[in-house]
Structures are given as C-alpha cells and as structure tokens.
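Working notes, structure below.
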Amino acid sequence: MLPEFLQSSYARYKADTNTFATWLLETANKCGYEPTLSATVPPVNKSKRKGKPDGSNEHPIQYSATTKDLQKFAEVIAGSSLNVPRSVLTIAKRAIKLRKTVTSWFLGRGDIANNKRHAHFITALEQICENLEWKTTEPSKPDAKQPQSAPEAHDDDADADRFLNKFAVLTVEEPEDIPETRSAPAESKKIVKVTVVEDDNEAADSYLGHLFFKTLCLLQDLENMRKFISITWSEYRDRKIDLMNAAVVTDNALQLAQDMVKEVEADWLATRTSQKDDIQNLVYNLAVIRRGISAAPSTEIGLPYNKNMADVADWCYVPTRVLLDAFANVLQDNHQPVFKKGYFGTYNPKADRARMSVGQKFNEDKIILLSILPEFCMFDTFKFKTPTSDAITKGLVEFSGNKKVTLWLCFASQVFLDIHHIMRHSTLGAFGDLRMSGLRIQKIIDEYLKLSKTHPQPKF
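Take a look at the structure:
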C-alpha cells in the first residue's frame with residue numbers, strides 16, 4: 001500500500017501544508033506562545049491490544065488551524081532568535097508551486113492579470129515564507145571547490161521528504177509556568193497534529209476554491225498516469241519489457257485511479273446542490289468561460305465540442321464521455337447491440353495519427369470504441385463468467401448493465417484507445433504473446449507429468 005502523499009498530488013499537497021502548519025505550531029510553542037486552537041482528541045480504538053498503555057502519546061491531539069493562525073505563528077517565529085530549517089520552507093514552497101501551476105494551466109491563455117491571482121491561502125503562505133526566508137539556516141558546504149549543480153532542487157525535495165517523515169507527528173511542550181500543571185498528572189508532552197482549514201469563502205472565484213483545486217489535481221494525476229501507461233506500452237511494443245509487466249502496471253494504475261476518482265466524486269456529491277452536471281462538464285464549462293471562447297461545438301469537422309478547447313476537453317476526457325453517453329442511449333435490457341461496420345467510416349491502421357486533425361482523431365476513436373463496446377455487452381447479455389477480469393473489462397461490462405458513465409470509466413476507455421493507437425500496426429501482437437505464454441506453461445506441465453511417471457510415487 002502506497003503512502004497517501006504518494007497516491008495523489010492533492011494528498012501530497014495536504015501532507016505538505018499540514019506538516020508546515022504543525023512545525024509552525026511546535027516552533028511558536030517553543031517561543032512561549034500559547035495557541036488558542038480548537039483541539040479534538042481522537043476516540044480510543046478498542047481494537048488495540050490490551051497490554052498497551054493508554055497514554056496521551058498514543059492518540060495525537062488534532063488541531064485545526066486557519067490562515068490567520070498560521071500568520072500569527074509565523075510572526076512569533078520571525079520575532080524570535082530561532083533559525084528556520086531550509087527543508088521547512090521547501091515543503092511550503094512545494095505546496096505553493098503545485099497549486100499555482102495547476103491553477104495557472106487551467107486558466108490557460110486567459111489574461112495575465114487573472115493568471116497571477118490565486119487562493120487567499122496560497123497568498124498568505126507566500127507571505128509567511130518571505131517573512132521566514134531571512135531566518136533560514138544555510139546548508140553546510142561539502143566542498144568549496146565544487147560549483148553548485150542543477151540537482152539542487154532535487155536535493156531540496158529529498159530534504160523535504162525526510163523532514164516530512166520526521167515531523168509527521170510532533171511533540172509540543174506545554175508551558176511550565178502554569179500552576180495547574182504541577183498538580184496534574186505527568187502530561188508535560190503531548191503528541192499533536194495540525195490540519196489546515198482553508199476557507200473557500202476567502203477565494204474570490206470558484207476556480208480558486210479548495211474543492212475545485214482538488215479536482216484539478218485529480219485530473220492532472222490522471223493525465224500523468226495516462227502518459228506513464230502509454231510509455232509502458234511503447235516499451236512493450238519495442239520489446240523492452242514483456243506483456244506481463246505492461247498488463248500489471250496498467251491494471252494497478254487503473255485501480256489506483258478508481259479510488260482517487262471515487263474520493264473526489266464523493267466530495268462533490270456532498271457539497272453540490274444540483275447533480276445534473278458531472279465533474280468533467282463542470283471543469284470544461286468553467287474553462288470555456290475563463291478563456292472567453294464560445295462553447296458551440298465545431299460540427300463542421302465532426303467535433304461535439306469547440307476545437308479551440310480541444311486541450312481541456314482531452315484533459316477532462318470529454319471525447320470518451322460523449323461516445324459512452326451516445327452508446328448508453330442505445331442499450332436495452334436483454335438486447336445485444338450490433339455494430340454496423342463502416343457506418344462511421346473505415347479504420348485504417350496504416351494511417352499516421354500524428355498528422356491527423358482533431359476531428360479526424362475523434363472520428364477514429366469513435367470507430368474503434370463503438371466497434372468494440374458491443375463485445376463487452378456480450379458478457380452481460382449472455383451472463384458470461386470468467387475466472388478473473390482486468391479493470392477495463394470489468395468497468396465496461398458493468399457499464400453495459402448499469403449505463404452509468406463515470407469519470408473513471410472515461411479515463412479507462414481513453415487508456416484503452418491509447419494502447420490501441422500505440423499497437424496500431426500489430427494490435428494482435430499482445431494476444432499472440434499471451435497465447436505463446438499459455439503454450440509454454442502447458443508444455444512445462446506436460447513435461448513435468450511425463451517425468452513424474454518415471455519416478456516412484458511417494459508413500460504419503
């Protein structure tokens with residue numbers, strides 16, 4: 001199981017901001033500042049083994065800190081004589097960089113003034129870093145003769161990772177000059193964790209809000225997964241890796257993506273009053289508004305969306321959603337849909353996809369996807385049972401039954417299309433490798449059984 005901050009960029013962002021906030025609280029406490037934060041003690045888990053003592057250190061106290069709280073902590077630290085480790089500011093700057101990068105890309109080619117606007121929390125975090133920058137401890141110089149090299153940024157990230165693990169849970173000392181603490185039990189130290197609470201009301205625009213940023217992080221993570229899967233299958237096509245590696249990597253990535261999508265969709269369902277629009281359309285429509293481009297589809301080239309918004313549409317998996325929605329409309333109970341070959345055109349595997357226009361690429365995807373979807377419907381129509389199933393097959397078979405188009409299903413369908421485009425000159429090559437693997441396994445079993453007959457049978 002991967003750590004949470006490695007599963008998604010948003011989880012990493014939250015880990016960075018919470019760790020930075022926890023350090024601010026711990027350091028301000030060392031300076032004699034008494035925070036007035038609301039604390040929540042987690043309930044005791046009864047499933048813990050009985051022999052373990054139930055001390056205050058066993059269950060961290062959860063503090064919730066607002067932007068103003070963090071600013072106050074930073075003021076106390078800036079006025080003290082304590083130094084600030086460089087790795088601390090690296091963590092904060094990494095969170096700032098992620099949020100600004102994702103939001104700026106989403107705004108795209110809008111006016112520069114809007115691109116410079118970000119959430120109030122990030123603006124405050126930048127100010128805190130500026131106030132603490134001059135107190136940063138300089139790293140030790142290993143060799144004065146050696147010049148500074150490019151991997152310095154990478155070293156900063158490594159230092160931040162080590163700091164992240166070290167300060168995941170911090171010990172905060174209570175002030176000793178309080179009379180009540182002397183008569184109290186020995187609880188001079190308490191394990192605390194700080195969670196940053198970002199107020200969406202502080203953001204002037206919805207696209208700068210907390211939940212929307214989490215959604216943009218999800219789409220960016222899916223894009224990175226999609227690129228990695230494409231690279232993996234390109235390596236398989238070039239015989240650098242075998243089929244098993246490519247298949248396992250793809251299936252694990254799709255399962256991880258499914259968990260990430262479910263989390264974000266649950267957050268939207270909990271806050272949204274209307275469920276008409278899905279996440280993909282919400283992001284796409286807002287991008288259209290922010291860029292000042294018409295939402296009218298480019299029907300002259302066969303696109304169901306504006307060709308000038310093709311980058312965002314592809315990023316939100318709008319093309320595959322349109323195709324899946326259209327296919328869902330023809331699905332009927334106890335009925336097997338049949339694809340009419342040549343109805344949308346003829347697929348040419350020898351064509352150079354890199355030279356195709358946006359409309360031609362969409363039409364090619366339409367031919368490939370709509371021709372294969374009826375095959376997956378056969379599993380549901382005729383109740384086929386398989387010993388095991390990959391994530392793409394399982395998702396499309398479930399779709400043929402419930403007709404629900406989700407963001408993850410659109411992502412999985414796009415991955416399927418990407419793999420098809422990579423293997424377009426030898427789409428049956430993977431099946432041939434799978435067949436040869438099966439034949440080799442069968443041969444090994446037959447040889448073993450043949451050899452075992454020449455040896456005496458065990459007496460047990």
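Per UniProt numbering, the sequence shown runs over residues 1 to 460.
Glycine included, every Cβ here is placed at the ideal spot set by N, Cα and C.
- In this structure, DSSP gives Ser81 a state outside helix and strand, which the three-state scheme calls coil.
- Distance from the CA of His455 to the CA of Tyr448, rounded to the nearest whole angstrom, comes to 11 Å.
- In the three-state DSSP reduction, Tyr347 falls in the coil class, being neither helix nor strand.
- Around the beta carbon of Val248, fewer than 16 other beta carbons lie within 10 angstroms, which makes this residue exposed.
- Membership of Ile61 in the beta strand (DSSP E) is indicated by the continuous run Ile61 to Ala65.
- Under the three-pair Cβ rule at 8 Å, the region 244-258 does not count as touching the region 22-41.
- DSSP places Thr232 in the uninterrupted alpha helix (DSSP H) bounded by His210 to Arg237.
- Using a Cβ-Cβ distance cut-off of 8 Å, the region 72-82 and the region 14-32 are in contact, since at least three pairs of beta carbons, one from each stretch, lie closer than that value.
- The alpha carbon of Lys135 has as its nearest neighbour, out of Lys307, Arg86, Phe106 and Phe399, the alpha carbon of Arg86.
- Within its own chain, the residues whose Cβ lies closer than 7 Å to the Cβ of Val338, once the five positions on either side in sequence are excluded, are Pro374, listed in chain order.
- By the CB criterion at 7 Å, Ile301 and Gly345 fall outside the cutoff.
- Following the DSSP letters along the chain, one finds Gly429 inside the alpha helix (DSSP H) bounded by residues Gly429 to Ser452.
- Within the same chain, Cβ atoms closer than 8 Å to the Cβ of Leu417 are found at Thr320, Asp365, Ile368 and Leu369, the five residues on either side in sequence being excluded.
- DSSP links Thr393 through a beta bridge to no other residue.
- For the pair His335 and Asn402, the Cα-to-Cα distance works out to about 14 Å.
- About 5 Å separates the beta carbon of Ala65 from that of Ala21, a gap short enough to meet the 8 Å contact definition.
- Under DSSP, the beta-bridge partners assigned to Val194 are Tyr63.
- Listed in chain order, the non-local C-beta contacts of Ser80 below 7 Å within the same chain comprise Cys31, local neighbours out to five positions each way being set aside.
- Contact annotation: Gln280 and Leu407 have beta-carbon atoms nearer than 7 Å.
- When only Cα atoms are considered, Asn252 and Asp69 end up about 40 Å apart.
- For Thr136, the secondary structure class from DSSP, reduced to helix, strand or coil, is strand.
- No Cβ-Cβ contact shorter than 7 Å links Val405 with Asp314.
- Assignment of Asp325 by DSSP, reduced to helix, strand and coil, places it in the helix class.
- Where Phe379 is concerned, the enclosing alpha helix (DSSP H) starts and stops at Val358 to Thr381.
- DSSP, read as helix, strand or coil, puts Pro387 in coil.
- Classified as buried, Gly395 has 16 or more neighbouring CB atoms from the shown chains inside 10 Å of its CB.
- Within the same chain, and ignoring the five residues on either side of Lys214 in sequence, the residues whose Cβ sits closer than 8 Å to its Cβ are Tyr10, Val264 and Asp267.
- Cβ neighbours of Tyr13 within its own chain (closer than 6 Å, five residues either side excluded): Ala95 and Leu98.
- Under the 10 Å beta carbon count, Asn18 is surrounded by 16 or more other beta carbons and is classified as buried.
- If the five residues before and after Asp433 are omitted, its C-beta is found closer than 7 Å to the C-beta atoms of Leu243, all from its own chain and listed in chain order.
- Annotated as proximal: Ala124 and Thr67, with beta-carbon spacing under 7 Å.
- It is roughly 14 Å from the alpha-carbon of Thr381 to the alpha-carbon of Val330.
- When only Cα atoms are considered, Cys316 and Val288 end up about 12 Å apart.
- No Cβ-Cβ contact shorter than 7 Å links Trp233 with Ile444.
- Taking the Cβ atoms as the reference, Met423 lies roughly 6 Å from Gly429, within the contact range of under 8 Å.
- Tyr284 counts as buried, since no fewer than 16 other beta carbons sit within 10 angstroms of its beta carbon.
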